[in-house]
Amino acid sequence: MLKGIRNSIILTSLLYIVLGVVLIVFPEVSLGLACILIGAVTLIYGVVRIVAFVRDGGEASGRFDLFVGVLLAALGIFLLVCPQVIVSLIPIALGIYIIVDSVSAVKKALDLKALGFERWWVSFLVALALLILGAVMVVRPLAAASVPVIFIGIVFLFDGVSTLANTVVADRVFRN
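Residue numbers (our numbering): 1 to 176.
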């Protein structure tokens, strides 16, 4: 079971690294695709909810499906027409995610210290740096939005590499 968890963490880290590189190398394409995908998925899900309401014969209990469907379809159209809204929210949303992930990484670094690993502080400093980067994304989204995709790509790349390194280190600690 632990091997499966380790492999899952390694795979996730590698995906973060690939995502980070793609965002750094192709920022405009990545941002445009993200906006289109989010808008399209929201619109499609809204239409599915509306169709479900119509299919069920418009029952009173299904009116919530109609309400949610219309709301999501409208939101999807809005996101497709006004992608700058997504652009302004991406740094904040990902910054919150990075902060949460960094707090977990700080705990893992402290666990390494408790296990007697001499260089636990390296993992701690990396986690702290990630925490600061995430906070910058949340507190200064416009600064992050000036180069949003590249900055986010760097953070994902950094997060992926650090998580991968921490996993390898923890694996070695537990084998000894």
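Each residue gets a CB set at the ideal place from its N, CA and C atoms; glycine is no exception. Just so you know, these numbers come straight off a predicted model, no measurement behind them.
Query                                                                                                                                                               : Result
Cα separation between M1 and V81?                                                                                                                                   : Annotation note: pLDDT 46 at M1 (below 50); position unreliable, coordinate value reported separately. Their Cα atoms are separated by approximately 46 angstroms.
Determine the DSSP secondary structure at E118, reduced to helix, strand or coil.                                                                                   : coil
Sorted by chain position, which residues of the same chain lie with C-beta nearer than 6 angstroms to F174's C-beta, five sequence neighbours on each side aside?   : none
Give the DSSP-derived three-state secondary structure of G57 in the structure shown.                                                                                : coil
Going by C-alpha to C-alpha distance, which of A93, M137, P83 and T12 sits closest to C35?                                                                          : P83
Short of 8 angstroms in beta carbon distance, which residues of its chain neighbour L110, apart from the five on each side in sequence? Order them along the chain. : W120 and F124
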